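Q: Input: one structure, supplied below.
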Amino acid sequence: MRIIGMISGTSADGIDAALVELDGAPPSLKIKLIKHITYDYDPALQAEIFACFRPETGTVDRLTRLNTALGEAFAQAALTVIKAADTTPDQVDLIGSHGQTIWYDAPANGTDGAVLTLGEPAIIAARTGITTISHFRENDLAVGGYGAPLVSYMDWLLFRHPSLTRATQNIGGIGNVTYLPPLTSAASPLTFDTGPGNMLMDYCTSRATDGAQGFDRDGLIAAKGKVNEAWLTELMQEPYLHQAPPKATGRELFGAQLGVTLWDKGISLGMSGADIVATMTAFTAESIAAAYRDFLPTSVDEVYVAGGGAKNPTLMRMLQDRTERITTVKPHDDLGVPSTAKECMLFALLAYETWHNRTGALPALTKARQAAVLGSITYGRLTK
Numbered sequence: 001m002r003i004i005g006m007i008s009g010t011s012a013d014g015i016d017a018a019l020v021e022l023d024g025a026p027p028s029l030k031i032k033l034i035k036h037i038t039y040d041y042d043p044a045l046q047a048e049i050f051a052c053f054r055p056e057t058g059t060v061d062r063l064t065r066l067n068t069a070l071g072e073a074f075a076q077a078a079l080t081v082i083k084a085a086d087t088t089p090d091q092v093d094l095i096g097s098h099g100q101t102i103w104y105d106a107p108a109n110g111t112d113g114a115v116l117t118l119g120e121p122a123i124i125a126a127r128t129g130i131t132t133i134s135h136f137r138e139n140d141l142a143v144g145g146y147g148a149p150l151v152s153y154m155d156w157l158l159f160r161h162p163s164l165t166r167a168t169q170n171i172g173g174i175g176n177v178t179y180l181p182p183l184t185s186a187a188s189p190l191t192f193d194t195g196p197g198n199m200l201m202d203y204c205t206s207r208a209t210d211g212a213q214g215f216d217r218d219g220l221i222a223a224k225g226k227v228n229e230a231w232l233t234e235l236m237q238e239p240y241l242h243q244a245p246p247k248a249t250g251r252e253l254f255g256a257q258l259g260v261t262l263w264d265k266g267i268s269l270g271m272s273g274a275d276i277v278a279t280m281t282a283f284t285a286e287s288i289a290a291a292y293r294d295f296l297p298t299s300v301d302e303v304y305v306a307g308g309g310a311k312n313p314t315l316m317r318m319l320q321d322r323t324e325r326i327t328t329v330k331p332h333d334d335l336g337v338p339s340t341a342k343e344c345m346l347f348a349l350l351a352y353e354t355w356h357n358r359t360g361a362l363p364a365l366t367k368a369r370q371a372a373v374l375g376s377i378t379y380g381r382l383t384k
């Protein structure tokens, strides 16, 4: 089957879309990337997304209109990747759309978690004519799971090694890890959100450049700065970082609201913008390293990094330096899946599994009470 997978992550900088070809069934499932693109948000739409992230401005009417606008944007992203792949909508079988997460609450105190994800699938299906599968996390949340990190299912299927212990680390807006014992081991996998990813770095980069840069391209700003190790030690006291898995987090904890506080704190300490960005970069690296030291069952032989953070050499160097239990830190591209395309390829895979009435999440990983078929189906073109 040919399937488009799409996602806009917690950084909300655009829509990643991938056209992939899938065949077979677990454990022999095969996935091949045909084309990957990033569809940038219109600045006005991005501003509206960020307004709706904040409870005080994310009113019901704005959220409703944003759901429609995001549906249109995701539809255009799908049509754009179709054109880039030199194919046509009738040659695509399904779309798997994650949408744009606005708010996430993890399960707590015996209460199931909740998520609000926007990007109307009916609009995507109507504009493209392609059956669209969406709202993947909700099904896992409904049976007591964390609904995250869903990428662990892909990791477990495709990236275990016959004899080496691996970790796959995504660094998007939030960081998350999947611990993968060797194929020859009976040990259980483990997945959880490690803490901050790019969001705090992105916010402070924007402040340091007076809005000229939305992210620290190639880690150049952080490379010019000096990490405030005393402040970093203070940042690492965040309770979430010391909470044992299972756990998941998001923008509500490590988003722009915290970014405002941390930027102001850095300025009050007499730090330059570059120093603040460097310290936020070190915060991401150290939170990942601490998660490995404290919560992974064993040491790992190699870690593969995906997401936008994999394109930041300064962050990758800090991660290697601070991760004592890792032999090598490599970009996810070395596994044959481009780091920036991995998450959208995941939602193509999950759509494929949903279409075949198979679960797309392992309860052992998401801590759900039972396995669930993920996603809701919105049909596209009529068939005779």
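Read the sequence shown against my numbering and you will find it ends at 384, with the numbers running on by one and no gaps.
Every residue gets a Cβ at the ideal spot worked out from N, C-alpha and C, and that includes glycine.
Computed from a predicted structure; not experimentally measured.
Would you identify the three-state DSSP class for histidine 98, choosing helix, strand or coil?
A: In the structure shown, histidine 98 sits in a strand (DSSP, three-state: E or B).
Q: Rounded to a whole number of angstroms, what is the C-alpha to C-alpha distance between alanine 372 and isoleucine 102?
A: Near 23 angstroms, if we compare the C-alpha coordinates of isoleucine 102 and alanine 372.
Q: Could you work out which residue in Ala114, Leu315, Pro363, Ala291 is closest to tryptophan 156 when comparing CA atoms only?
A: Checked all of Ala114, Leu315, Pro363, Ala291; the closest Cα to tryptophan 156 is Pro363.
Q: Which ranges would you report for the beta strand (DSSP E) in the region 116-182 if only whole runs of at least 3 residues count?
A: Runs of the beta strand (DSSP E) inside the region 116-182: 132-134, 166-171, 174-180.
Q: For proline 43, which residues of its own chain have a beta-carbon under 7 angstroms away from its beta-carbon, when the five flanking residues on both sides are left out?
A: Nothing meets the Cβ criterion.
Q: State yes or no: is the C-beta of histidine 161 nearer than 6 angstroms to some heavy atom of the ligand GTP?
A: Annotation note on the ligand GTP: not contained in the displayed structure, which lists no ligands.
Q: With respect to the beta strand (DSSP E) encompassing lysine 247, which residues constitute its N-terminal and C-terminal limits?
A: No beta strand (DSSP E) holds lysine 247; DSSP gives it neither H nor E.
Q: Determine the contact status of serine 97 and methionine 6, defining contact as a CB-CB distance below 7 angstroms.
A: Closer than 7 angstroms, so yes.
Q: Would you mind sorting proline 27 into buried or exposed? The rule is 16 or more other CB atoms within 10 Å of its CB.
A: By the neighbour-count rule (16 or more Cβ atoms within 10 Å), proline 27 is not buried but exposed.
Q: Enumerated in chain order, which unbroken segments of the alpha helix (DSSP H) with a length of 4 residues or greater are wholly contained in the region 183-242?
A: Counting only runs of 4 or more, we get 199-208, 220-224, 229-235, 239-242.
Q: Just the C-alpha distance for serine 272 and glutamine 91, rounded to the nearest angstrom, thanks.
A: Straight-line Cα distance between these residues: approximately 53 angstroms.
Q: With DSSP collapsed to three states, give me the class of valine 277.
A: Valine 277 falls in the helix class under three-state DSSP.
Q: If I measure Cβ to Cβ from lysine 384 and keep anything under 6 angstroms in the same chain, skipping five residues before and after, which residues do I get?
A: Residue placement at lysine 384 is flagged as unreliable, the pLDDT there being 46, under the threshold of 50; the coordinate-derived value follows with that caveat. Cβ within range, chain order: n/a, list empty.
Q: Look at phenylalanine 136 and glycine 375 and say whether their C-beta atoms are less than 7 angstroms apart.
A: Yes, the Cβ-Cβ distance between phenylalanine 136 and glycine 375 is below 7 angstroms.
Q: What is the DSSP secondary structure of methionine 1, reduced to helix, strand or coil?
A: Here methionine 1 sits in coil by DSSP.
Q: Who pairs with alanine 17 in a beta bridge, going by DSSP?
A: DSSP output for alanine 17 lists Met6, Ile37 as bridge partner(s).
Q: Do you know offhand how far isoleucine 213's Cα is from leucine 365's?
A: The residue asked about is misnamed: residue 213 is glutamine in this sequence, not isoleucine. Going by the C-alpha atoms only, they are around 36 angstroms apart.
Q: Just tell me which of Thr191, Phe283, Thr279 has its CA closest to the CA of methionine 236.
A: That would be Phe283, whose Cα lies nearest to the Cα of methionine 236.
Q: Within this structure, are the beta carbons of alanine 125 and threonine 132 separated by less than 7 angstroms?
A: Yes, these two residues count as a Cβ contact at 7 angstroms.
Q: Leucine 382: buried (16+ other C-beta within 10 angstroms of its C-beta) or exposed?
A: Exposed, because fewer than 16 other Cβ atoms sit within 10 Å of the Cβ of leucine 382.
Q: In the DSSP assignment, what are the bridge partners of aspartate 334?
A: Answer by DSSP bridge pairing: none, since aspartate 334 is not bridged.
Q: Alanine 274 to alanine 85, Cα distance in whole Å?
A: Each residue's alpha carbon lies about 40 angstroms from the other.
Q: Only counting the same chain, and skipping five residues up and downstream in sequence, which positions put a Cβ closer than 7 angstroms to that of aspartate 202?
A: Once the five neighbours on either side are set aside, the close Cβ partners of aspartate 202 are Ser11, Gly214, Phe215.
Q: Since tryptophan 263 sits in a beta bridge, which residues does DSSP pair it with?
A: Per DSSP, none; premise fails for tryptophan 263.
Q: Let me know the alpha helix (DSSP H) ranges lying completely inside the region 58-93, each 4 residues or longer, listed in chain order.
A: If we require 4 residues or more, the alpha helix (DSSP H) runs fully inside the region 58-93 come out as 60-84.
Q: Pick helix, strand or coil for phenylalanine 112, following the three-state DSSP scheme.
A: Per the sequence presented here, residue 112 reads as aspartate, with phenylalanine not at that position. Residue state, collapsed to three classes: coil.
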